[in-house]
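Residue numbers are given in UniProt numbering: position 126 of the sequence shown equals residue 126, and the series is strictly consecutive. Just so it is clear, CB atoms sit at the ideal spot from N, CA and C, and this is done for glycine as well. Values in this document were obtained by computation on a predicted structure and should not be read as measured data.
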Amino acid sequence: MTRTDSSAFAERLARAADQVGALLTQLLSDEPRQHEQTRPTRLLAAMRHGVLGGGKRLRPFLVVETAALFGGNPQSALHVAAALECVHCYSLVHDDLPAMDDDDLRRGQPTVHIAFDEASAVLAGDALLTLAFDVLSDEACMLPAEVRIGLVQRLARAAGIGGMVGGQALDLAAATDAPDEAGMMLMQAMKTGALLRFACEGGALAAGAGEKDVARMSRFGEIIGLAFQLADDLLDVTSDLATLGKAAGKDAGRGKATYVSFNGEAAARRHLDSLVAEACALLEPFGKDGRILADAARYIADRSH
1 MTRTDSSAFA ERLARAADQV GALLTQLLSD EPRQHEQTRP TRLLAAMRHG
51 VLGGGKRLRP FLVVETAALF GGNPQSALHV AAALECVHCY SLVHDDLPAM
101 DDDDLRRGQP TVHIAFDEAS AVLAGDALLT LAFDVLSDEA CMLPAEVRIG
151 LVQRLARAAG IGGMVGGQAL DLAAATDAPD EAGMMLMQAM KTGALLRFAC
201 EGGALAAGAG EKDVARMSRF GEIIGLAFQL ADDLLDVTSD LATLGKAAGK
251 DAGRGKATYV SFNGEAAARR HLDSLVAEAC ALLEPFGKDG RILADAARYI
301 ADRSH
């Protein structure tokens, strides 16, 4: 697998992170928006802690770069990216709760329920999820109403019972009823992969790409979602707290089913390489315009945290 050290990739990843961070800061301002009564101070602070505390902003980057690949409006793409990041961060806030994964650290900082309290964390997650659909449906997104409706539906399905939340439910059930390898792959495709798939297809939809190109980018997102989870599983068995910014070795400690536990580290690394190769092959029709997304696929596999 060709490793990426592309300065262009690093710059564009950082730029997308800065841009979506600025928009999220604006969306989480103190001033109530139209039809809102007030914005409770502690709730807003917990939401900001959950969504403005750093992170790679990989999902927003994928939205922005996929939209750019098809000539989309950058501001529209940023709104879709911000909505997706709200969903992603809400899921982290809730996943970290004692009733779920019970984590004290996220991105090297106290998780929301540690920095505030459990009730505030639940409400912050609820509010971030709701905000996502506010952002997508708003005319400020500068997309036709039918496109916004389509994006709302796709994000809802990627995030909901048949997507991320359903995947988390399967993950919880696996603690008492261990899945086979196929069940484990399905769970991970839902829990982790669904939002990464949406990032790529959502960016294409926001840019007005044709049906075949949307399907191509949906498949690209699906593959890098699998690669992301596989890289995560490998990091859990090879990394440490200082590098990850959260506890390492938790999967093995809980006897959790992963591709690594079923097939071993060497086979997992070979499979990861094959996923990246497949993702890059999907971008070949776009020539040099697809290179930044190919770099993203390699980055997902190569990352250390």
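Sixteen is the threshold: when 16 or more other Cβ atoms of the shown chains lie within 10 Å of the Cβ of Gly203, as they do, the residue is buried. Counted as a single uninterrupted DSSP element, the alpha helix (DSSP H) harbouring Cys89 occupies residues 74-95. Assignment of Leu52 by DSSP, reduced to helix, strand and coil, places it in the coil class. Where Arg298 is concerned, the enclosing alpha helix (DSSP H) starts and stops at 291-302. Bridge pairing for Arg42: absent [DSSP]. Boundaries for Thr258: no alpha helix (DSSP H) harbours it, and the DSSP string shows neither H nor E there. The beta carbon of Leu205 is closer than 7 angstroms to those of Val147, Gly150, Leu151, Val214 in its chain, skipping five residues each way along the sequence. DSSP places Pro32 outside both helix and strand once states are collapsed to three, so it counts as coil. Under the DSSP definition of a beta bridge, Pro110 partners with Leu105. Not a single unbroken stretch of the beta strand (DSSP E) spanning 3 or more residues falls wholly within the region 182-219.
Here Pro60 carries a helix assignment [DSSP, helix/strand/coil].
Note that the C-beta distance between Met217 and Ala127 is not below 8 angstroms.
Non-local beta-carbon contacts of Ala159 in its own chain, meaning distances under 6 angstroms to residues more than five positions away in sequence, involve Val87 in chain order. As the crow flies, the alpha-carbon of Met164 is around 10 angstroms from that of Asp171. Rounded to the nearest whole angstrom, the C-alpha separation of Ile224 and Leu43 is 34 angstroms. Excluding sequence positions up to five before and after Ser91, its CB lies within less than 7 angstroms of the CB of Met164, all in the same chain and listed in chain order.
Under the Cβ criterion (8 angstroms, minimum of three pairs), the region 45-63 counts as touching the region 194-203. With at least 16 other beta carbons inside 10 angstroms of its own, Glu222 counts as buried.
Note that the C-beta distance between Leu234 and Arg269 is below 8 angstroms. Nearest to Val112 by alpha-carbon distance, out of Asp101, Thr130, Met100, Val93, is Val93.
About 18 angstroms separates the CB atoms of Ala132 and Gly167; that is not less than 8 angstroms, and the two are not in contact.
In this structure Arg303 is exposed. Its beta-carbon is surrounded by fewer than 16 other beta-carbon atoms within 10 angstroms.
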